[in-house]
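Enquirer: Provided herewith is a single structure, encoded as structure tokens, for subsequent inquiry.
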Amino acid sequence: MFIKQLSVFIENREGRLEEVLEALKREQVNIVSLSLADTSEYGVLRMIVSNPEGGKEALKAGGFSAMLTDVLAVKLSHRVGYLQELLGAICRAGINIEYMYALSTGTDDASIVLKASDLAKAEAVLRQDGVEIFTNTDLAKMS
Amino acid sequence: MIWNESKECMSRDELQALQSKRLVKTVNRVYHNVEYYRKRMQKEGIEPGDIRGIEDLSKLPYTTKDDLRETYPFGLFAAPQSEIVRIHASSGTTGKATVVGYTRKDIDIWAECVARALTQAGVTRDDTVQVAYGYGLFTGGLGAHYGAEYLGARVVPQSTGNTKKLVTMMKDFGVTAIACTPSYLLHIAELLEEMGEIDNIKLKAAVCGAEPWTDNMRRQIEEKLHINAFDIYGLSEVMGPGVACDCQYHKGLHVYEDHFLPEIISPETLLPVGENETGELVFTTLTKEGLPLIRYRTKDLTSIHYDQCECGRTLARISRFTGRTDDMLIIRGVNVFPSQIESALLEMAGTTPHYLMIVDRVGNLDTLEVQVEVEERFFSDEIKELESLTKKISHVLQNAIGLAVKVKLVEPRTIERSMGKAVHVIDNRKLV
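Each protein sequence line maps, in turn, to chains A and B. Each residue of the first sequence is one higher than the one before, counting from 1 in this note's numbering. Each residue of the second sequence is one higher than the one before, counting from 1001 in this note's numbering.
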């Protein structure tokens, strides 16, 4: 089960990030987790939000380029080496991880969001290892 | 010094008689050898016999870049292919190049015109001339090269690119004259200053052209390098560099009127304007065999002056250019039209994204940045995709205009629209 990530293009200019957040606030969209990938001229803000569709519409209305992408939200247990083991399994399956960031779940567990070259295959590999994968419903509960 | 006194100092009467004779010959040549011109003249009801001299010039139709494009590549050539010995091309407005061809005689006349210009700059056979225009399809490099060789000077065919090497050779070879764009010469001057070599070179003259510059820029160049700098003008359609050049009195550029018949017209009414009035410069070639052009509209704005110059030449002078009638930009000597950027983006993306060209001059060298709005269809949540988009756009644009382009992705709707129409060019270069 994939979840929807909301991404938006932001120029490296003063106040742009704030305007993105304001557009989301106006539509009462809550941000669960975020990651900002930046270059010298622009950045991509990736977010897990309470209402991805609504968030996208809000950003489009605000004049931003925004999109929804399928990603995997994976529950990790707090144990040294656990993430490395999971990634090892993904690597062995010949899957490339495009990016990854931490997901705050509000519980004691650590969680991550990841996008892979073959998301379905990555999910299958992880499920084989008995890893818990979040659904959109789970996320709605968090926010 | 005057290279060809018999032609450059002719009385107006003698010159007009020569121009008339040559015009009649040229009109006959295009009528009989170029179907496009023949049909055009027939449509207008003109026969070669109607043109008896330069007083009949205004009966003839104008030629524009569109005509060259429509007849791409060789449709306006007036000599058999076997007589064409050289082809040059410049980038067109919509991807199609403007192609020009020269016979052996054309090349000789071109070389003589450049030799006249170099002589005006005080260059003689005792000089070493570094040609730092680009060599290739662009007429700058080979045009200056053949002229300097024709003059009998030693030519160093430097071309452009490695400025440090250029400076080293300038010093080691005892270069006394240089031909390049004025902005490049300022760049060279700065490097010489940086290297502490400015007093160790023998440079005394520069013949600069291919881009607009001002008298102030000329004085700046002259003071920095302790040389005399001259303004050479030309365009590939008419010939290349060497259509006109200024003399030591710097009161306009002497047009080699025995080969190129100038007119100034109003770009609105298309009627000739008076002496000293500003309008669009139009040329009729008088001796060209490969690609003779009748009343070719250059789109350059200037005025013409017939009063006698102190240098002794009787040739008319055109003023420094005040602009263009179209939106052409000259960036590092390369002609660039916004429409070229537009059509390249269109070809790449299906529809044209909003874009903005920002031209600037950094350290005397022109830079071109093209901002492209990241519409939803271009957007990706992966940086590597956005980076490859940037690379792809800059590659496509570089191929289209032949210049390195810095592409910057910007947010949608950030490029200003004025009156519902996008502003496509911001030129921050200050020509002072």
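Note that the Cβ used here is the ideal one computed from N, Cα and C, for glycine as well.
1) Drop a sphere of 10 angstroms on the beta-carbon of E1237/B, count the other beta-carbons inside from all chains shown, and report buried for 16 or more, exposed for fewer.
2) I'd like to know whether the C-beta of L1203/B is nearer than 8 Å to at least one C-beta of chain A.
3) Checking the sheet assignment: what are the DSSP bridge partners for C1208/B?
4) Which word fits Q128/A, buried or exposed, when buried means at least 16 other C-beta atoms lie within 10 angstroms of its C-beta?
5) Three or more C-beta pairs under 8 Å: does that hold for the segment 1329–1336 of chain B against the segment 1257–1277 of chain B?
6) Classify R1218/B as helix, strand or coil using the three-state DSSP reduction.
7) Apart from the five residues just before and just after L1345/B, which ones in its own chain have a Cβ nearer than 8 Å to its Cβ?
8) Going by DSSP, name the residue or residues bridged to M67/A.
9) For the segment 1398–1411 of chain B, enumerate the residues whose C-beta is nearer than 8 Å to any C-beta of chain A, in chain order.
10) With P1241/B as the anchor, note down where its alpha helix (DSSP H) starts and where it stops.
11) Where does A73/A fall in DSSP's three states?
12) Given a cut-off of 8 Å on the beta-carbon distance, is the pair N1004/B and R1086/B in contact?
13) Keeping to the same chain, check which residues put their C-beta closer than 7 Å to that of L36/A; ignore five residues upstream and five downstream.
14) Rounded to whole angstroms, what is the Cα-Cα separation between L1386/B and M47/A?
15) Under the assumption that V1129/B contacts V1156/B (Cβ atoms under 8 Å), give the Cβ distance between them as a whole number of angstroms.
16) Tell me which residues share the same chain as K1134/B and place their Cβ nearer than 8 Å to its Cβ, disregarding the 5 neighbours each side in the sequence.
17) For Y1031/B, write down the residues that DSSP places opposite it in a beta bridge.
18) Assign T1119/B to one of three DSSP states: helix, strand, or coil.
19) Do L1281/B and D1307/B have their beta-carbon atoms positioned less than 8 Å apart in this structure?
20) Which residue comes first and which comes last in the beta strand (DSSP E) that contains S33/A?
21) State the beta-bridge partners of Y1355/B as determined by DSSP.
22) Classify R1125/B as buried or exposed, calling it buried when 16 or more other Cβ atoms lie within 10 Å of its own Cβ.
23) According to DSSP, which residues form a beta bridge with G43/A?
24) Using a C-beta to C-beta distance shorter than 7 Å, which residues of chain A count as neighbours of F1379/B?
Expert: In short, the structure shows the following:
1) Residue mapping note: residue 1237/B aligns to position 237 of the second sequence, counting from 1. Taking all protein chains in view, the Cβ of E1237/B is crowded by 16 or more other Cβ atoms within 10 Å, so the residue is classified as buried.
2) In the second sequence, residue 1203/B corresponds to position 203, counting from 1. Chain A, which has no Cβ nearer than 8 Å to the Cβ of L1203/B, makes this no.
3) Here residue 1208/B refers to the residue found at position 208 of the second sequence. Looking at the DSSP output, C1208/B bridges to C1180/B and D1231/B.
4) Here the question's residue 128/A lines up with position 128 in the first sequence. It is exposed - the Cβ of Q128/A has fewer than 16 other Cβ atoms within 10 Å.
5) Cβ pair count under 8 Å is below three, so no.
6) Within the second sequence, numbered from 1, the residue matching residue 1218/B stands at position 218. Looking at R1218/B - three-state DSSP - the assignment turns out to be helix.
7) By 1-based counting over the second sequence, the position of residue 1345/B is 345. Taking C-beta separations shorter than 8 Å and ignoring five residues to either side along the sequence, the partners of L1345/B in its chain run T1352, P1353, Y1355, V1372, I1393, V1396 and L1397, following chain order.
8) Your numbering for residue 67/A matches position 67 in the first sequence. Beta bridge pairing from DSSP links M67/A with S7/A.
9) Residues passing the 8 Å Cβ filter: K1408, L1409, V1410 and E1411.
10) As a working note, residue 1241/B is residue 241 in the second sequence. That residue, P1241/B, is in no alpha helix (DSSP H); its beta strand (DSSP E) goes G1240 to D1246.
11) Mapped onto the first sequence, residue 73/A falls at position 73. Note: A73/A maps to strand in three-state DSSP.
12) The residue labelled residue 1004/B in the question sits at position 4 within the second sequence. The residue labelled residue 1086/B in the question sits at position 86 within the second sequence. It is not a contact, given that the beta carbons lie outside the stated cut-off.
13) Along the first sequence, one-based indexing puts residue 36/A at 36. So the qualifying residues of the chain are G43 and L45.
14) Counting from one through the second sequence, the residue named residue 1386/B turns up at place 386. Counting from one through the first sequence, the residue named residue 47/A turns up at place 47. Computed Cα separation, rounded: 18 Å.
15) By one-based count along the second sequence, residue 1129/B stands at place 129. By one-based count along the second sequence, residue 1156/B stands at place 156. That pair is a contact at about 7 Å.
16) Sequence index remark: in the second sequence, residue 1134/B carries index 134 (1-based). Note that residue 1134/B is Gly in the sequence shown here, rather than Lys. The beta carbon of G1134/B sits closer than 8 Å to the beta carbons of G1140, G1141, S1159, T1160 and G1333 from its chain, once the five residues preceding and following it are set aside; these are given in chain order.
17) What you label residue 1031/B is simply residue 31 of the second sequence in a count that begins at 1. The partner list for Y1031/B (beta bridge, DSSP) is empty, contrary to what the question assumes.
18) Counting from 1 along the second sequence, the entry for residue 1119/B is found at position 119. T1119/B falls in the helix class under three-state DSSP.
19) Here the question's residue 1307/B lines up with position 307 in the second sequence. Here the question's residue 1281/B lines up with position 281 in the second sequence. Their beta carbons are not under 8 Å apart, which means D1307/B does not touch L1281/B by this criterion.
20) Within the first sequence, residue 33/A is the residue found at index 33, counting from 1. For S33/A, the enclosing beta strand (DSSP E) stretches over residues I31 to D38.
21) The residue given as residue 1355/B occupies position 355 in the second sequence. Partner(s): V1372/B.
22) What you label residue 1125/B is simply residue 125 of the second sequence in a count that begins at 1. Exposed.
23) Here residue 43/A refers to the residue found at position 43 of the first sequence. Paired residue(s): I10/A and D38/A.
24) In the second sequence, residue 1379/B corresponds to position 379, counting from 1. Against F1379/B, the close residues of chain A are F9, S65 and M67, in the order they occur along the chain (beta-carbon pairs closer than 7 Å).
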